[in-house]
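Heads up, the thing below is written out as structure tokens.
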Amino acid sequence: MKAPPGFHLAAFCAITQFSVIVPSGAQPSPIQPVSVPLNFALIATVQQPDAASGSTGNTVRHSTKATKVTSQSLRSLIQSASGTNSGSGASLALIAGTIVIQDKEGNPTDVSGFLSMDLTSGTRVNTGQDNSATGAFNDTFVTDVVVNFDDGNGNTFTLNGLARIISTSTATTDATGNPLTPSQTYSLSFTGAGSGTVGGVDAVFSGTISGRGSSKNH
3 MKAPPGFHLA
13 AFCAITQFSV
23 IVPSGAQPSP
33 IQPVSVPLNF
43 ALIATVQQPD
53 AASGSTGNTV
63 RHSTKATKVT
73 SQSLRSLIQS
83 ASGTNSGSGA
93 SLALIAGTIV
103 IQDKEGNPTD
113 VSGFLSMDLT
123 SGTRVNTGQD
133 NSATGAFNDT
143 FVTDVVVNFD
153 DGNGNTFTLN
163 GLARIISTST
173 ATTDATGNPL
183 TPSQTYSLSF
193 TGAGSGTVGG
203 VDAVFSGTIS
213 GRGSSKNH
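Each step along the sequence shown adds one to the number in the numbering used here, with nothing skipped, and position 134 is 136.
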């Protein structure tokens, strides 16, 4: 039976059971959630204080300042706000629909109270193919996404945009019906824009978020 639209996207966002098409008789073990390291490459354009000039101060200059927002800067803000420290080598990652800080050993800390990405509520379209005989699939989804950040210290943003998600899986069974150990790969690319604050000052944001991860049964 062919998986319904959104099936593999749901598997990417919240893997709670084996997320590929399992042919009758094949009994692979549950797949582990895929960890997708996230690379934030955003620009915050921050409003600057007005500056008066001229002998009577009748000329007022308005200006903005561009500030980079990266995975590292977001991780630092979150750790400062939460009083935690995951050490060197830590990274932001998406696991089962939840953004975490993952230390260099792979141990995750849920930070969805500060930073979240809603991949499932928006309208989505998809292309690709699923093989009901082998369980293999290769699908591409495009969906509208909302990304929210708030560290509670005046640094916030809400981004809206489109995400492209590519999900693939090798076969779960061979030509004779014997179970195989499949591997799955997911990649994410998001482009968006929105508004927020930097240190309590109004700002607009734009940029990209990207990531790629894979997992295998065991």
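For glycine and all other residues, C-beta sits at the position ideal for the given N, C-alpha and C. Since this is a predicted model, take the numbers as computed values, not measurements.
- Here DSSP, grouped into helix, strand and coil, assigns L121 to coil.
- The secondary-structure analysis by DSSP pairs P181 across a beta bridge with T175.
- A Cβ-Cβ distance of about 19 Å is found for the pair G91 and D112, leaving them out of contact under the 8 Å criterion.
- For the options S208, Y188, A135, V144, the alpha carbon positioned closest to that of L182 is the one of A135.
- A46: member of the beta strand (DSSP E) spanning 37-49, first to last residue.
- Scanning G202, A177, P51, T100 for the CA closest to the CA of G115 turns up T100.
- Measuring C-alpha to C-alpha distances from N155 to each of H64, S37, A68, S82 identifies S82 as the nearest.
- A distance of 7 Å or more separates the beta carbons of N150 and D141.
- Here the C-alpha atom of S75 lies approximately 17 Å from the C-alpha atom of L96.
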